[in-house]
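Mapping of the sequence shown onto the UniProt record's numbering: residues 1 to 101, in sequence order. Right, one structure below, let's go through it.
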Amino acid sequence: VVFSVQDRLQVSFDCAFTTLSWWLAVRDRVGKMVEYTEEDPKPQLEEECKVHCVREWAAYKACAERIKSDTTGQAHCSGQYFDFWKCIDHCAAPQLFHHLK
């Protein structure tokens, strides 16, 4: 089968047009996604939840004070730190899911 120059140009044009149409559609979808995104509510919710986790924060600060004099570097307060953030997450997670679309 022999294609004329005009046929080949038409196929090339159709391919280019299809590709361009696809890219424009993707650009429009991404643009709409960006338009609808809101500010992340998680930092604000975490800040609001800190008042509910005062006991865990106090335990972490007390631990940090206790280990200041540790010269071995073996003491840490990661347990208390994670307890604090677990409390924050427990408080913020239900509220955070209300913001999902």
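We treat Cβ as the ideally placed atom computed from N, Cα and C, and that holds for glycine. As the structure is a prediction and not an experimental result, all values here were calculated from the model.
Same chain only: Cβ atoms within 6 Å of residue i, ignoring 5 sequence neighbours per side
{"i": "HIS52", "result": "CYS91"}
{"i": "GLN95", "result": "LEU45"}
{"i": "HIS99", "result": "PRO41"}
Buried versus exposed, by CB contacts within 10 Å (16 or more), residue i
{"i": "LYS56", "result": "Note that residue 56 is Glu in the sequence shown here, rather than Lys. Buried, because 16 or more other Cβ atoms sit within 10 Å of the Cβ of GLU56."}
Close-in-space but distant-in-sequence residues of the same chain around residue i (CB under 7 Å, 5 per side omitted)
{"i": "PHE84", "result": "CYS53, GLU56, TRP57, TYR60"}
{"i": "CYS77", "result": "TYR60, CYS63, ALA64, ILE67"}
Short Cβ contact (7 Å threshold) for residue i with residue j
{"i": "CYS63", "j": "ILE88", "result": "no"}
| said: Closer than 8 Å is the cut-off here; do at least three beta carbon pairs connect the stretch 43 to 56 with the stretch 15 to 29? | reply: Not touching, per the Cβ criterion.
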